[in-house]
Structure formats: C-alpha cells, structure tokens
Amino acid sequence: MTVNYHPSTELLTAYAAGSIPLSQALCLAAHIEMCDSCKQNYKRLRGLGAFMFGQGSEQEHAASRETNAHKNLRQQVFAQIEQDKAVESTQEKAPALLQSQLQEDHLGKDHLGKGRLSSRRNKADAGVKTQTRIPKCLQQFIPTSYEDLPWQRVSPSIKQVNLCSDANGAQVALLKIKPGGSSGHHTHMGDEYTMVLKGAFSDETGIFQQGDFIVRDKKHRHRPIATKDSECICLTVVEAPIQFTGYFSRWLNPLLRLIHPSYAMQNQ
Amino acid sequence: MSKSTLNAQSQEAVAAHLEECMRRTAQKRDKAAFGELFDHYAPLLRAYSLAREPGAMLVADELAQTVLVKVWNKAQTFDKQKASLNTWIYTLARNSRIDMLRRNSRYTMEIDPEFLWAEEVDEQADPFVAVQQKRAEDTIANAFQHLPIEQQEVLTKVYLEGKSHQESAEELKLPLGTVKSRIRLAIQKLQVLVGR
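Just so you know, the protein sequences line up as chains A and B, in that order. Residues 1 to 268 (the numbering used here) are what the first sequence spells out, left to right. Residues 1 to 196 (the numbering used here) are what the second sequence spells out, left to right.
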C-alpha cells in the first residue's frame with residue numbers, strides 16, 4: 001500500500017516515548033499498522049528511548065544498589081516470583097487437557113488473541129467483500145465491521161459514530177462521507193488528527209488515501225470531499241470541537257454541541 | 001586507544017553479559033542470573049519513574065517491581081533478533097508507566113492501550129532489519145553526547161520525563177514551535193530515521 005502522508009518526526013517521537021494522549025496514540029497506531037516505513041522509524045525512535053533509559057551515572061546506580069530500598073525490593077520481587085512458581089507447579093498437577101489450556105495461557109494473551117483475531121479475519125474475508133480490515137488497535141471499538149456500528153446522521157452526506165473521549169476532552173470518532181459527499185467547510189478550536197481507514201477524500205490541499213495521516217490545526221479552514229467512486233471512512237481525533245463555517249452548515253454547530261462532550265462541558 | 005572506545009567496549013561487554021543472564025533466566029529459570037538482571041535494571045527503572053515523578057519513591061518501587069516480575073514471567077518471549085534487551089525492558093517500563101497513568105486517571109480508561117504499541121506480536125523477526133537497528137543504536141550511542149545541551153534537554157523531557165510537547169514547552173519556558181524544532185533537529189543529527 002502506498003501511503004503518502006505521514007506523522008511528523010516530533011509526533012512519531014512522542015508516540016515512541018509514550019508521552020502523548022491515548023487518543024492520539026490510537027490514531028498513530030492505526031497509521032503505523034498500515035505504513036511499513038513509519039513502523040520501522042517508530043522502532044528506531046524506540047531504540048533512542050532505550051538508549052536514554054540505559055544511560056545515567058554508573059556511580060549513582062552503584063550507590064542505589066547499596067540502599068535498603070534496593071534490598072527490600074529485591075526481596076519482594078523474589079518473593080513474588082516464588083509465589084508465581086508455586087502456582088505454576090500446582091498447574092502441572094492438573095489433568096492433561098486442562099494443562100494444555102493453561103500452557104496456552106502461559107504463552108500469553110498475545111498468542112491467544114492472535115488466534116482469535118485471525119479466525120475472525122478469515123470469517124470476514126469469507127463474508128461480504130466490501131468489508132475492509134480493521135486495524136488491530138481499533139478492534140476494541142469495532143468488534144465486527146464498520147457497517148455494524150450505530151452510525152448517526154449528521155447531514156445528508158455525513159454519518160458519524162463516537163468511539164470514546166480522552167482525558168483531555170478530545171473526541172475520537174469515525175466519520176463516513178458518501179461518495180462525492182462533502183463534510184462542509186469547517187475550522188477547529190484545537191488540532192484535528194485524521195487517518196483514512198477506507199476510500200479517499202480531497203480538500204484544498206490534496207488527495208488523501210487509505211492509510212494517510214493528516215494533522216490540521218485551528219488555522220485551517222477546509223472542506224473535505226469524498227472521492228466519487230466510494231464512500232470514505234476516517235478516524236478523527238478532535239482536541240476541541242469542530243466549527244462549521246459554511247453558510248448552509250452553520251446550523252450543524254448546535255447539533256454537534258449535543259454530540260461533543262466538550263461542548264456539553266461548556267454548557268454546564 | 002581513546003577513552004570513549006574503551007567505554008564502548010566495556011558497555012558492549014556488559015550488554016553481552018546481561019543477554020547471557022537473560023538466556024539463563026529464560027531457559028534454565030536461573031535465579032542467580034535473574035538476580036544480576038535485577039541488580040542492573042532496578043536502579044534504571046527507578047530512575048526512569050523518578051524522572052517523571054521526582055520524590056515519588058513508592059511509585060518508583062512499584063514500577064520497578066511490576067517490570068522486573070514481568071521480565072521473569074515473560075522471559076521466554078524475549079527475542080534478541082527483534083529488539084535488544086535494553087529495548088525490550090524499556091518497552092515494558094514505558095507500557096507500565098502508561099498503565100499507571102491510566103490508573104491515576106491522568107490517561108483515559110476508555111482506551112485500552114494493549115494494542116496501541118503491540119506491534120511485535122504478529123511479526124516475524126527480520127535479520128536484515130535487526131542488523132540495521134543495531135547499527136542505528138550504535139550511531140545513536142556515538143552521536144548523543146555531541147548533541148547540543150538544549151536538544152538533549154527536550155529529548156529528556158519527552159522520553160524520560162514522559163512530558164507532552166506542550167508540557168515541555170511550559171516547563172522549559174519555550175515556544176511550542178521551538179520544542180518541536182529542537183526534537184526534529186536532534187533526531188536528524190542522531191540519524192534515527194530512514195527515508196526522511
């Protein structure tokens with residue numbers, strides 16, 4: 001897949017460091033699943049974090065090892081792994097069938113999860129062809145398919161479904177634009193992160209396709225239009241609610257005020 | 001031989017020894033080997049936690065304990081073809097910190113972070129990428145000390161203190177744009193990224 005628009009260096013760095021709100025991390029994770037070059041760069045940026053983590057004064061670390069706190073912690077950790085080991089050995093006495101299950105558990109959630117997800121994926125592949133693979137990070141909100149979500153009509157050509165909100169009030173939503181439909185002129189109070197999950201859209205600055213990642217700040221006033229051949233589904237993270245600025249769509253603002261939690265907070 | 005080469009050599013020897021301890025921990029469930037890992041990493045983990053929350057000794061102990069118990073329990077999943085031991089443990093520490101930030105509601109409970117950084121789960125190790133990554137890590141180690149102090153400072157905020165760009169800007173009394181450009185310049189100088 002050719003992805004043309006990527007997160008900035010500093011945003012990818014913050015993601016690798018784990019120092020961004022989870023809503024933004026969600027959007028970046030969805031992009032990285034579809035973009036091999038960002039995946040590779042993410043790993044290299046994580047390597048930088050590991051390097052910095054491993055630095056520090058050897059003298060200080062040596063002194064730290066001599067403290068009672070270190071010795072106490074050592075005791076606690078060893079006590080805990082002893083306890084875990086005791087649990088493991090009682091499991092060994094369990095019947096063979098149960099034991100194989102436990103072993104699978106021991107291999108970890110990741111292993112089990114993978115099996116479940118791939119079987120789900122196979123089912124999806126065998127089913128309706130219009131279904132697109134849902135990024136793993138989004139499956140917690142989209143368990144089956146985009147079609148099965150409780151879409152709400154926002155305008156004749158736009159449907160929206162809210163997925164969750166972040167601690168900073170940012171709203172995470174999916175936006176579905178009909179083929180050739182437009183979402184109307186709008187600006188934002190804060191930054192808006194958009195990630196194209198399916199289809200494509202264009203605005204004054206370019207054409208954005210599946211996998212593309214775009215950040216718009218409050219300076220931008222734009223009017224996205226879905227391409228004519230198919231509907232477009234985007235993941236959006238809006239730090240503060242959208243303001244529609246077009247003449248005909250200004251009436252949408254009070255509606256969004258009802259939908260967006262930070263509007264609700266303003267009204268309280 | 002210059003001091004820095006000596007230093008690099010001894011660091012490499014330490015890294016090799018720790019990897020051997022990790023192998024013994026995973027394959028033989030060797031507690032003495034795990035004890036050496038503990039002694040090396042507990043101070044690093046504590047320092048990592050204290051960087052974000054200075055003075056919070058209990059939080060630091062909790063993070064160190066959580067991560068080190070995971071190191072023991074998940075030892076078999078460590079694969080040095082995919083990431084170095086330092087990277088593996090750093091990743092566990094970063095993820096544990098995110099979990100703790102969720103529990104004290106500074107991060108939202110509505111988003112489950114499990115698959116947000118879980119990129120390694122379904123991936124095959126690629127020896128070519130592994131070699132490249134090793135080379136990138138060496139470049140970083142050599143170039144980091146030559147970075148201007150103000151660039152090291154923003155990287156410390158973001159990576160070790162876990163601060164957002166906005167928080168970093170406020171604490172360093174700098175415009176947001178300056179923080180971002182310093183990060184970009186530092187990453188460029190360290191030659192971290194490919195294809196940019």
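Cβ atoms here follow ideal geometry from the backbone N, Cα and C, with glycine treated the same way.
Taking C-beta atoms under 8 Å as the contact rule, T25(B) and L44(B) fail to qualify, at a distance of about 17 Å. The three-state reading of DSSP puts G206(A) in strand, counting E and B together. A straight line joining the alpha-carbon of P127(B) with that of K82(B) spans about 8 Å. Rounded to the nearest angstrom, the gap between the Cα atoms of T156(B) and L28(A) is 22 Å.
With its beta carbon less than 9 Å from one in chain A, P43(B) belongs to the interface. By DSSP's assignment, V69(B) forms no beta bridge with any residue.
By the Cβ-count criterion, R106(B) is exposed, with fewer than 16 other Cβ atoms from all chains shown falling within 10 Å of its own Cβ.
Rounded to whole angstroms, the gap between the alpha carbons of A56(B) and L63(B) is 11 Å.
Neighbours of G177(B) in chain A, taken as residues whose beta carbon is under 8 Å from its own, are absent, since the nearest beta carbon is some 10 Å off. Nearest C-alpha to H146(B) among V59(B), A47(B), I187(B) and R103(B): I187(B). Residues of the stretch 163-191 of chain B with a Cβ closer than 7 Å to any Cβ of chain A, in chain order: K163, S164, H165, K180, I183, R184, I187 and L190.
Secondary structure of V194(B) (DSSP, three-state): coil.
Judged by pairs of C-beta atoms under 8 Å, the stretch 189-205 of chain A does not touch the stretch 41-58 of chain A, as fewer than three such pairs exist. Remark: C-beta atoms of I140(B) and G47(A) approach each other more closely than 9 Å. V69(B) reaches chain A at V77, Q80 and I81, counting residues in chain order whose Cβ is nearer than 7 Å.
Contact annotation for Q151(B) against chain A: no contact, minimum CB-CB distance about 12 Å [criterion: below 9 Å]. Following the DSSP letters along the chain, one finds I111(B) in no alpha helix (DSSP H), marked with neither H nor E. In the three-state DSSP reduction, R24(B) falls in the helix class (H, G or I). Listed as beta-bridge partners of V161(A) by DSSP are L174(A). The C-beta distance from E204(A) to H222(A) rounds to 6 Å, short enough to meet the 8 Å contact threshold. Separation of the CB atoms of Q40(A) and V194(B) is rounded to 6 Å, and the pair is thereby assigned contact status at 8 Å.
Contact between I158(A) and L175(A) holds, with the beta-carbon distance rounding to 6 Å and staying under 8 Å.
The residues Y15, in chain order, have a CB closer than 7 Å to that of A25(A) in the same chain once the five nearest residues on each side in sequence are set aside. Rounded to the nearest whole angstrom, the CA to CA distance from A33(B) to A136(B) is 28 Å.
A distance of 9 Å or more separates the beta carbons of S8(A) and R182(B). In the structure shown, the three-state DSSP call for V215(A) is strand. Straight-line measurement puts the Cα of A47(B) at about 15 Å from the Cα of K163(B). Within the same chain, Cβ atoms closer than 8 Å to the Cβ of I207(A) are found at A200, F201 and T227, the five residues on either side in sequence being excluded. N68(A) sits exposed, since fewer than 16 C-beta atoms from the chains shown fall within 10 Å of its C-beta. Judged by DSSP in its simplified three-state form, E170(B) adopts helix.
Ranked by how close their Cα comes to the Cα of Y193(A), the residues K136(A), A30(A), G18(A) and F78(A) have A30(A) in first place. Chain A places a beta carbon closer than 9 Å to that of L193(B), counting this residue as a contact. The beta carbons of K70(B) and S49(B) sit no closer together than 9 Å.
Residue contact check for A136(B) against chain A: a CB pair falls below 9 Å. At the C-beta level, L85(B) and K74(B) stay beyond 9 Å of one another.
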